[in-house]
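What follows is a short report on a single structure.
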Amino acid sequence: MSSPSPLSAVPPTETPTGLGVDVGGTGVKVGLVDLARGELIGDRLVRPTPQPATPDAVAALIREMVAEFDWRGPVGVALPSVIHEGVARIAHNIDHSWIGCDVVDLFDRHLPGRTVLMLNDADAAGLTEVHYGAGEGVDGLVILLTFGTGIGSALLLDGRLLPNTEFGHLMVEDIAGRGFDEAEHLASASVRARDGLSFEEWAPHVSNVLRAIEDLLWPRAFVLGGGVSEAADQWFPLLENRTPVRAAVRRGDAGIIGAALYAAGHSGVLDLGRVLPDVGV
Ligand code: BGC
Numbered sequence: 403m404s405s406p407s408p409l410s411a412v413p414p415t416e417t418p419t420g421l422g423v424d425v426g427g428t429g430v431k432v433g434l435v436d437l438a439r440g441e442l443i444g445d446r447l448v449r450p451t452p453q454p455a456t457p458d459a460v461a462a463l464i465r466e467m468v469a470e471f472d473w474r475g476p477v478g479v480a481l482p483s484v485i486h487e488g489v490a491r492i493a494h495n496i497d498h499s500w501i502g503c504d505v506v507d508l509f510d511r512h513l514p515g516r517t518v519l520m521l522n523d524a525d526a527a528g529l530t531e532v533h534y535g536a537g538e539g540v541d542g543l544v545i546l547l548t549f550g551t552g553i554g555s556a557l558l559l560d561g562r563l564l565p566n567t568e569f570g571h572l573m574v575e576d577i578a579g580r581g582f583d584e585a586e587h588l589a590s591a592s593v594r595a596r597d598g599l600s601f602e603e604w605a606p607h608v609s610n611v612l613r614a615i616e617d618l619l620w621p622r623a624f625v626l627g628g629g630v631s632e633a634a635d636q637w638f639p640l641l642e643n644r645t646p647v648r649a650a651v652r653r654g655d656a657g658i659i660g661a662a663l664y665a666a667g668h669s670g671v672l673d674l675g676r677v678l679p680d681v682g683v
């Protein structure tokens, strides 16, 4: 992916704009976002995630990447961890040194004077889909699940995010008779790749996880994201669930867009009413 030139990234002045960062296991993505349309302005910038992906290494890279944009406003950062009271709490698919990291202090040190707000990556994708994508206009409870290395979840009630749900770690009884395991160990996209499963073989595992969730929460719709949502027509018809299933539409950019929206909503750039949870809850 080419680097955006700061000049090409300057948005029209009247467009509400934000900057979002999505930290993944293999890549860190940054993009300037048109918050009226929920779309990237110009190219996104992508760099390999530092290895080991410690908080200091990741924050130093974010600083470098953000500096490539002509942007002084708030920055939203999506991370695959629970962000609770300003502290990262878990690390299933990122470096374990994130556990206990005070993210406010981290960004104060690496991006002093800047407003940087962090949230869970699936929560960012959920905000995107409910505002601009597959969950838009659905009243009641919408649950977004992202299928990647793990399974991320976002729970949105009438558009308002209940942060830090972790349904990827729900214990579910395996349909292949191997007892109970975490949902993401049974049905993530990485499990499908590891075991070489066809969509016909994998879809029943996804249905099984969705069933466990719908039996507890009775959502109006599931929005399913991650790379596999691009092949939705090949496996959505194989799912056997009572809840309607929709494919995420913003796909690979949903984390960036939702992170930018979260930061803008919390710093007064946009008035999102009561849609966002308080920072760091
Ligand atoms: C993490 C979640 C994350 C998901 C997708 C899970 O292993 O616990 O916080 O949202 O992976 O990245």
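Per the working numbering: the sequence shown = residues 403 to 683. C-beta: ideal position from N, C-alpha, C; glycine also.
Fill in: DSSP three-state assignment for V468, whether helix, strand or coil
Helix, per DSSP.
Worksheet item: Under the three-state reduction of DSSP, which class applies to L409: helix, strand or coil?
Response: Note on L409: pLDDT 37, under 50, position unreliable in the model; the coordinate value appears next. Coil at L409, not helix or strand.
Item to complete: Check P457 in the structure and name its three-state DSSP category.
Response: DSSP places P457 in helix when its eight states are reduced to three.
Worksheet item: Rounded to whole angstroms, how far is the Cβ of G657 from the Cβ of A526, which I believe are closer than 8 angstroms?
Response: Right, the Cβ-Cβ distance comes to about 5 angstroms (below 8 angstroms), so this counts as a contact.
Item to complete: Could you tell me whether the Cβ atoms of V625 and G537 are closer together than 8 angstroms?
Response: In contact: V625 and G537 (Cβ atoms closer than 8 angstroms).
Discussion item. Under 8 angstroms: do the stretch 436-446 and the stretch 494-508 share three or more Cβ pairs, one atom per stretch?
Written reply: In this structure the stretch 436-446 does not lie against the stretch 494-508, because fewer than three pairs of beta carbons, one per stretch, are closer than 8 angstroms.
Fill in: Status (buried if at least 16 other CB within 10 Å, exposed otherwise) for L421
L421 is buried by the Cβ-count criterion.
Discussion item. Considering only the alpha carbon of each residue, which of A585, T548 and G552 lies closest to I496?
Written reply: Comparing Cα positions, the closest option is G552.
Discussion item. Residues in the same chain with beta-carbon distance under 6 angstroms from L559, minus the five sequence neighbours each way, listed in chain order, please.
Written reply: Answer for L559: L543, listed in chain order.
Practice prompt. Could you tell me which residues DSSP pairs with A623 in its beta bridges?
Written response: Residue pairing of A623 in beta bridges, as defined by DSSP: V544.
Worksheet item: In angstroms, rounded to a whole number, what distance separates the CA positions of W473 and A666?
Response: Taking the straight line joining both Cα atoms gives about 13 angstroms.
Item to complete: Would you check if the distance between the CB atom of L513 and the CB atom of A480 is smaller than 8 angstroms?
Response: No.
Worksheet item: How many Å lie between S407 and D445 at the Cα?
Response: Confidence at S407 is low in this model, with a pLDDT of 40, below 50, so the placement of that residue should be treated as unreliable; the coordinate-derived value is given next. Distance between the alpha carbons of S407 and D445 is about 9 angstroms.
Discussion item. Using only the alpha-carbon positions, how far apart do E642 and P606 sit?
Written reply: Cα to Cα, E642 sits roughly 8 angstroms from P606.
Discussion item. Judging by CA-CA distance, which residue of P646, S499 and P621 is the nearest neighbour of A459?
Written reply: Nearest of P646, S499 and P621 to A459, Cα basis: S499.
Fill in: Beta-carbon contacts of E586 that lie in its chain and below 6 angstroms, excluding the five residues immediately before and after
Same-chain partners within the cutoff: G552, I553 and G570.
Practice prompt. Provide the residue(s) that pair with E575 in DSSP beta bridges, ordered along the chain.
Written response: Paired residues: F582.
Worksheet entry | Under the three-state DSSP convention, the category V489 falls into | In the three-state reduction of the DSSP assignment, V489 falls in the strand class, which pools E and B.
Item to complete: With DSSP collapsed to three states, give me the class of S592.
Response: In the three-state reduction of the DSSP assignment, S592 falls in the helix class.
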